[in-house]
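Colleague: Can you keep this structure in mind? I'll have questions shortly.
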Amino acid sequence: SIGYVFEFGNKVNTWTTYGAGKKLVGQVKSGYKFTATGQAQYKGRTWYRIKDNKWILGTNTVTTKKYASIKDKAAKTAKQKKVVALANAQVGKAYVWGATGPYSFDCSGLTMYAYKKATGLTLPHYSVSQLYYGKAVSTKKLVKGDLLFFGSKSAPSHVGIYVGGGKFVHASSPTVGVIKSKVSTNRSSAFYPSSARRVI
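Residue numbering for the sequence shown follows the numbering used here, starting at -1 and increasing by one per position.
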């Protein structure tokens, strides 16, 4: 069977055998692809034989399918962090209706800017149009980078980016500009989200 060594940021030891008397013979990097030519159990652990009759502990490996899933998740997390970092970096800038950055923004212009710079994805302008991107998620199960919509559920008047810790960044108004606010749990609050979308 084909698998991958999985130990991000580290190297994994290879051995002469899997049992008593084994000796360290080398190391392989995380992400190393191998074809198992043998398998053995020793003291409740699975070992795999790889090239040159070297043995590697099974807990340091994953299947090809699982490795692809892990890489995909890691890539998504990295993009989410970039979106959040870019959104946070705009706090303090001016609100100008219709502006899409880099010196001033309206609400959907800010989300457009952050996603374009961080991921290359081009969102449309205006919060109503952005409502149809990504997938709907619960406002109680947010992850960093999610889009938060405010006002009418079907025709929101405002949008921002969830940045974690119960807060979101948004281009609020000409008076205060781009700010970071707490997501409200009070339905009567202007900062109570009507819906959320996960674009990444």
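Note that CB positions come from ideal geometry on N, CA and C, so glycine has one too.
1) From this set, I198, A188, G132 and C105, which residue's C-alpha is nearest P228's C-alpha?
2) So, V176 versus K91, is the Cβ gap smaller than 8 Å?
3) Can you give the beta carbon distance from W13 to K52, rounded, assuming they're within the 8 Å contact cut?
4) Along the chain, where does the beta strand (DSSP E) that runs through L55 open and close?
5) Report the residue ranges of all beta strand (DSSP E) runs contained in full by the region 43 to 113; include only those spanning at least 3 residues, in chain order.
6) For A76, does the count of other Cβ atoms within 10 angstroms reach 16, so buried, or fall short, so exposed?
7) Need the endpoints of the beta strand (DSSP E) that V167 sits in, please.
8) With three or more beta-carbon pairs closer than 8 Å as the criterion, would you say the region 154 to 168 touches the region 80 to 97?
9) Is L119 near V197, with beta carbons less than 8 Å apart?
10) Do you know whose CA, among V26, T57 and V23, lies nearest Q39's CA?
11) Using the C-alpha atoms, what's the distance from I48 back to D70?
12) Taking 8 Å as the threshold, find out whether the region 124 to 134 comes into contact with the region 147 to 157 through three or more Cβ pairs.
13) Below 8 Å between beta carbons: does that hold for F103 and Y93?
14) Just to confirm my understanding: we take N199, look at its own chain, exclude 5 residues before and 5 after, and list those with CB closer than 7 Å. What are they?
15) Return the residue from the list S192, V135 and G132 that minimises the CA-CA distance to S155.
Modeller: The structure says:
1) Examination of residue 228 is not possible in this model, given that the chain is present from -1 through 198 alone.
2) yes
3) 7 Å
4) W53 to L55
5) 43 to 47, 53 to 55 and 59 to 61
6) exposed
7) K165 to S171
8) yes
9) yes
10) T57
11) 25 Å
12) yes
13) yes
14) This structure gives no information on residue 199, because the portion of the chain shown stretches from -1 to 198.
15) S192
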